[in-house]
Every structure is written in C-alpha cells, then in structure tokens.
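Right, one structure below, let's go through it.
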Amino acid sequence: MPKPLLLDEFYRTAIVLAGGMPAGWLIEPDQDARHATLTRALNRQLPGAKALVDFGELATPTPAQLADFAMGQLSRAINQPWKALLKLNLADYYSRHPHALLSRQTRLDLYNGMPPPDSYQALYEAISTDQPTPPWLGLMQRAFYFKTSAMLSAASPLLPPWQAMELRALVKRWGWDGMRLRGADNTQGRDVRSLLGDYRALVDEMTARFQSILLYCRGQAVMTTGHLRADVVARQLFARFEPKPGKVERINTGLAVAVHQPNLTISRAQFGWAALVDGDAVARFESLTQLVVWLHINQIIGDNTHLVIDGPDAVTEQVERLEYELLRLLHDPEPTPEAFQLPAFSDRQLYLLQAQDLGTPLGLPALAHLEVVSQNSWGEVFVTRFDGKAGFYEAFLEGLTNLLSARVGDGFDAIIRVRDQDHRIQPALDGYLRLLEDCADFFARPDYRAGTYVFRVAGVFYALAFDENEPSIVALPSMAALMHHLQQPRRLFGRVQLDPSTGITGDLLQACAMAAPGRVTYLIRFAQARATIWCIDEMGSIYRFTRPWHARASLAGQLTRFTQRSQWRQRASLVMPEPGDWDADVECIELLGQYPQVQFQPIEVTTGDAVDRLAVQAVGHWRADRTLAFEWRVGPQAFSALSHGPNLIGDVARAIRNARPSGTGYHAYISDLELPRRHEGDRNRPMQASQYLMHKHTLEAALAEALEQCR
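So in our numbering, the last one in the sequence shown is 1496, and the numbering has no gaps at all.
Next comes the structure, spelled out in structure tokens:
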C-alpha cells in the first residue's frame, strides 16, 4: 500500500500497547506542515521510553498512489470480497476527495481528548453518504456486517459490549430484522439463493469499480505497474467473473465460509438439467455433467444435504462416478499473481467420450460426441461439448495445445483422464489418452514442431502438424492419400511419426525412422522384376516408387549420382550456401526380412558404376502459367519446344533409341535433371530431392510412352 494511505489507515486503526504514541495523534491535522518541528518539541517534554513514534508528515496521496491502492483492493476483492469492497469504495471516495482522509477526524478527536469513531463505521458512513443508491447501499451494508464477523442474533464473544451495542443500533437503522440477522449468522453456511444474489451484486460492483479505476488512470495520466498492472488485474477479474463459453461459475468467491443447502433436487428440465430448491430452479444447464461440476466446485452438496436425483438409477450412478472423478481431478488452491502474467492453459482434463462403434478394427473408434471437463492455470473450470468430426478436431487440438503448455522438464505437469459417456473406464477408448500423450511428447521434443504425427480413426488417416505454431489436422481417406501427403515439400525439416492406431507395420514405418536433416536415404526392397524404393529426403519428405533393376550396385549408383547432382545444384543456387563438405550425404540401404525382423544392409556403389552409359538431361523452367517446361539433351544433341515443337518428347525418344548400340526401345532413365526454384512464396528455396524424383519419374513415364510408339 502506498505510504500516505498506509499511514492514514494506521492512524485510524492502531492500538498502542506499550511504548510511545504515534506523533500524528498529538499533532492537529491543520498543523501537518509543522510536523517535524512539533514532534521534536513534544519529544523534549517526554522521557526516552515514551518518545513519540514518528512516521513523518501525512501527505495527500498522489493520483498514482490512489490508483495503486484501488487496483490492489480490487485484486484482493476477488477472493476476499467483503473487507476489500469497503476499501475499494474508500479508494473511489478518496479519488474524488483526496484531501478528506478519514484519519483526519480520528486525529482531531484524539487531539481534543475525545474517543474516535470506529474505523470501519467511519469508512461506511463516508462512502454511504457519498453514493446512497439503494442496491449498492445494501451490498455495502452486507460487506460491513460480514467483515465484522459479528453474530448479533446470538451472544458473540468476538465483540466487546459497547461495540455490539453500536452495531445493533446500526443494523436497526438499516432495517434488518431478526430473521435477516439469523440468516446472515447461520453457522452452517449460507443457502444457494442468497449467495447467488450477492454474487450478481458483487460482479456488477467489481465491474463498475474496475471501469472507474481505468477512467481515473486515463484522466490523471497514471499507470499501475507490476502485479497491479491493469491487464494483469483484468485477467484476474475475467478469470473469476467473466462469462465464457462452457465456463462454470464459482458463485462462492469468498462470500461465505460454507454453503448450507439442506434440500436439493437434480432433475431433467424441458431443455437440459436443473438444480431445484423448494421446487424453484436455481441453476439450469445443457448437460448433467455441467450441473454436477457446478454443484461440485461451489461445494453445494454437503454431508447434511438431502439430495434427490429425479431419474433412473443409472443417472444416480453417473452423478456418483462423476463426483468421484472431480474430487481427483479439480483442485482448490488459488492461482498465484504470476499465473496471470501468462496466457491460461489447462493442466487438468477429463474426457467423456461417446463412441459410434467400439468394434472398429481400423484405428481408434469414431466419436459421436465428447465432453471435456477442464481446469486451467487461472483457476477457471470449463465443461465443453464437441460433436462429430469437427468437434473431435477442435477438442483434440485444444487438448494438445494445453498439454504442450504444461510441459515441465522431460514430462507433463498435467492430469488427464478418459471415460465413456456414463463416466466409466472403457479400455477401447484408452487409445485416445495414449494418442494425446504420445502426440504431445512428439511435438515437445526440440525442433519437432515442423514434424507430422499420423493417426487413424475408423479407417481414416489424420496428419497433425503445426503451421506458424498453430496445430492443424488433415483427413486422408486412404493409404494413397497418406503417401501423397507425406511426399509434399516442406519449409523446414520435419520427422513423421506413425501412431500405433495406423496399424502400419510395413516399410513405411522403417522409412519414417530414417529421416535425418540434410541426408537423403534410399530404402530399397528388391523383388524378382522390380525394386520398391523409399526416398527419405533432406527435409523429411517421403516418396515411394518402383523401377526395374538388374544389379543392386548399379541401381544404387544411378540413384546416388542423380541425387548428388541435384544436391550440388541446390547448394550452388543458394545466395549464401552453408559452409561444409559439398559431397551430398546420400545413403542406399537394402531392406531384408519383414516386420518386426527387418534387417538393414548398406549397398556399396562400385567404381564401375561411376558414370552413366548414356547421358540424358532435362532442364526445367517456369512458363507464364506457372507450369514447368523442359529442354532436353541426349548426349551432345539438344532439344527444345522452340526447335522441335509438339513432337519434342517423340524426338527425344528417337534420339535415345538411335544412340543405343542395339537400337531397341527399352525403358530410358534421366541421368541428370535441373529444376528452377519453387513457386512464388518459396522462390528462395531450391527444390527438394523428392521433388526431383517426382519430376524425373513423370518425364520418364512420358519417354517410355514415346519409346513404345517408336517401335
């Protein structure tokens, strides 16, 4: 608290048990300008043991000090409302009357030898006279009464007789009768309906005070700092009071020590569910889960509550199971002020899943809908319902983002549970929990945000990746669609992780594990006539193709030389190539055996395979319509659309056939390919090895067709 306001409160509330009295009590307020001189004069008349305690002159608080004081009380009122509400309104009173500090009257009375007024009664009288609107006045009266902790409906040992007498006179003046006092003094707690009334009034008051503080700061050109910054306090207010989609209200924000609700009924309503007290609905919710969470976080169901659940036994069992889960999931400790200086994230989540068919053999079961109960780092509790595929996307991405935010060291400081729609443990749904945890573990590794995580639900593959630090999901209905997705070029190197739900155990699983930045790896499985080749390029893209072969070393040599040439061109085209060895990192490995007994056999490229028998080169360039056109070279001969027109490919095929000693038209392979940079947006990036291979095979297919026609 700023010094002038702290000293003001000290003068109003201090009690001297021993030693000297505060100097301010013995100096008339109008003589504050002579405070130091008068204090020295008084001390010369007193023995040393009775010397005055001097805190200096009581100055008029500055606008910055008043703003800090008001924002601090606003922050305290979030969890301890009654006392802080009084002080918050005192700050508002001081902002309009900065020279009317309440300690002035206390000091005048002490100076004149009269008993000063009760400090909080003086505070109430000042603010109530300043803004005497009935609803607001009723809230301040309750704040004053609850702050005193008095129990006037019975003998209270907390108050001396004179103070109890003054308080009785005050509440009588307010018009409080015996029933009103007994309701306020209920030692078991307050009922839900009275709490709801005070909660609504508190929300309105806090909102109005926060707006008035902001207007005061703007008008006085001051700004609060540290944990009292306007944005930090605003987050605290919004976290506690702001309605948000799916957010469950906490109505007992320090308003009562406990909630006492002797009779409560949970019943289906025309739309959703309702909590009934004496036949009146005190709360309505769309789902039973939302209602039970509301009852739980506000501790409305107590040991002495007679609870009636209007419905079949299955509903009663659901309520009991959910209450048990909530006891394990949610926690009460208030978030620290530091938590509000960071964005909120959920570290406690309960997923309630309803599957369409638990017996699907192709991946995880599809979900009809799901509900998520979550608590975030700001203390907010949400119950959110998601429906269908779009809902699954939203829930999964939100859960993944929250789990990544809860990363601590090598693990996650989070509690996540999965149950079925009846709040039971369902082993068939446990795969979703494993999926979420494994996916978060994958993306939490260093430099893995550029990777791709693939999983499968009801036969459909899903590829999850981050774009500009935002997760997104792409649905891939078939294996062919998945392969097409994995071969796409990348901006950054990224690995591919296949979730067990994909059911993929073949060579693609081995290909994903071989990705390494800057390295091109060919995994080759030889069959009798053709070899299946997996290219895992320098950026982690995966491209699969087949081609005939006659010798392992010969095929490996052709792939290695082609890749090395393309890699050299990539490095040479960079404006500032990275330092290092210009020899491309290319590796050819033969796959032997089947999963899970797969063996890897490196293929050595022999010296005899150092050159291609016939050099066939294609050079690409972009047309105006952003499609690629190619010029060709077969040995020393050059071919282009300008010189050969529409018969370009046919002329190239005939040149290849004529250059062969046998003159036959067997399959032709491009030994060298040069490609331009990528399209606009990626023009500073050369093509990847997988893109070179895709264009190479497209051109070779056109050559094969032309060679067939030459026969």
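Using N, Cα and C, we set each Cβ at its ideal position, and we do this for glycine too.
Rounded to the nearest whole angstrom, the C-alpha separation of Ile1434 and Phe1130 is 59 Å. The residues Thr1050, Ile1051, Ser1052, Arg1053, in chain order, have a CB closer than 8 Å to that of Asp1095 in the same chain once the five nearest residues on each side in sequence are set aside. For Ala1426 and Tyr1217, the gap between their C-alpha atoms comes out near 55 Å. Non-local beta-carbon contacts of Thr1101 in its own chain, meaning distances under 7 Å to residues more than five positions away in sequence, involve Ile1094 in chain order. For Tyr1233, the closest of Asp1207, Leu1277, Thr798, Arg1202 by C-alpha to C-alpha distance is Leu1277.
Looking from the CA of Ala1314, the closest CA among Arg1332, Pro1461, Pro814 belongs to Arg1332.
Annotation for Gln1402: the continuous beta strand (DSSP E) segment containing it runs 1401 to 1407. The Cβ neighbour count for Gln830, taken over all protein chains shown within 10 Å, is under 16; the residue is labelled exposed. A check of alpha carbon separations from Thr847 across Ser880, Asn864, Val1166 identifies Ser880 as the nearest. By the CB criterion at 9 Å, Ser860 and Gln1021 fall inside the cutoff. Looking at the DSSP output, Tyr1307 bridges to Cys1320, Cys1373. Across the structure, Asp815 and Val1007 are spaced so that their CA atoms are roughly 29 Å apart. Inclusion of Ala1151 and Ala1243 in the CB contact set at 9 Å is warranted, their separation being smaller than that value.
Of the candidates Phe1026, Ser1286, Gly1011, Glu1255, the residue whose Cα lies closest to the Cα of Leu1147 is Ser1286. Inclusion of Arg1354 and Pro1274 in the CB contact set at 9 Å is not warranted, their separation being larger than that value.
Scanning Arg967, Ser1162, Ala1099, Leu790 for the CA closest to the CA of Asp1207 turns up Ala1099. Contact between Leu1189 and Ala1225 holds, since their C-beta atoms are separated by about 6 Å, short of 8 Å.
Spanning the alpha carbons of Ser1339 and Ile1374 requires a straight line of approximately 13 Å. Cβ neighbours of Ile1036 within its own chain (closer than 7 Å, five residues either side excluded): Leu980, Leu981, Tyr984, Asn1083. Taken in chain order, the complete beta strand (DSSP E) segments of 3 residues or longer contained in the region 995 to 1060 are 1048 to 1053. Rounded to the nearest whole angstrom, the C-alpha separation of His1269 and Thr1412 is 19 Å. DSSP places Arg861 in the uninterrupted alpha helix (DSSP H) bounded by 848 to 862.
With fewer than 16 other Cβ atoms from the protein chains shown falling within 10 Å of its own Cβ, Gln1126 counts as exposed. Counting other Cβ atoms within 10 Å of its Cβ, Glu794 reaches 16 or more and is therefore classed as buried.
Here Trp947 is exposed: its Cβ has fewer than 16 other Cβ atoms, across all protein chains shown, within 10 Å. Under the 10 Å beta carbon count, Asp1252 is surrounded by fewer than 16 other beta carbons and is classified as exposed.
In the DSSP annotation of this structure, the continuous segment of the beta strand (DSSP E) that includes Phe1424 starts and ends at 1422 to 1424. In this structure Met856 is in contact with Thr1009, their Cβ atoms being roughly 5 Å apart against a cut-off of 8 Å. Exclusion of the five residues before and after Asp839 leaves Ala808, Thr824 as the residues of its chain whose Cβ lies within less than 6 Å of its Cβ.
Here Arg892 has Tyr796, Gly809, Trp810, Pro814 as same chain residues with Cβ atoms under 7 Å from its own Cβ, once five neighbours each way along the sequence are excluded.
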